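So the structure is just underneath, and the comments pick up after that.
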Amino acid sequence: MMKFVIGLSALGLALSACATASTPMTYAAADTAFTGWVKFSNEEFQLYADEDQVLQPFARPCVSGAASRDEMRQAVQDLAGRKVTITGRTAAWSAGLPGNRIAHEGSVIRNDCGGAFVILADDIRPAN
């Protein structure tokens, strides 16, 4: 019985270590550079801290955002599913926004991630 309890304890420690190791980093509204994996839908991107999240439909947490229309077109072709660094500023999201969207440089952010803020990107490039 003692071996069983010790075995369960060891298993619990191993599982908690795995859970801690895979916890995605978080993004903050004060940040100006964001690194993670990107997915595109319509005119916005969704940025994920964990690579596995890009492969899952409707994965959370993520941060929505957009760059200029030309930047977005190029990024969709070259960077979908890849690790990127996005630079820009954030804007607070409010459910009371007109049309529930923010326009940025010809792109529209609908906040598919549902976060408290979105990224108004100046640049999207492959991460180093």
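Residue numbers (mature numbering (1 follows the signal peptide of the UniProt record, and there is no 0)): -21 to -1, 1 to 107.
Idealized CB from N, CA, C, for every residue including glycine.
Here the structure is a predicted model, which means the values were calculated and not measured.
Extent of the continuous alpha helix (DSSP H) to which residue i belongs
i	result
Leu58	48 to 58
Glu30	30 to 33
Residue i and residue j closer than 8 Å at C-beta
i	j	result
Ile65	Phe13	yes
Arg61	Thr11	no
Ser47	Gly94	no
Glu23	Ala45	yes
Trp72	Val97	yes
Enclosing beta strand (DSSP E) for residue i [first to last residue]
i	result
Glu84	No beta strand (DSSP E) contains Glu84, which DSSP labels as neither H nor E.
Leu26	23 to 27
Arg68	62 to 71
Gly15	12 to 20
Arg104	96 to 105
Rounded C-alpha distance that separates residue i from residue j
i	j	result
Ala38	Met51	21 Å
Leu26	Val17	5 Å
Asp31	Gly15	11 Å
Asp91	Pro105	22 Å
Ala70	Tyr6	13 Å
Gly75	Val87	16 Å
Helix, strand or coil at residue i [DSSP, three-state]
i	result
Pro77	helix
Arg39	coil
Gly44	strand
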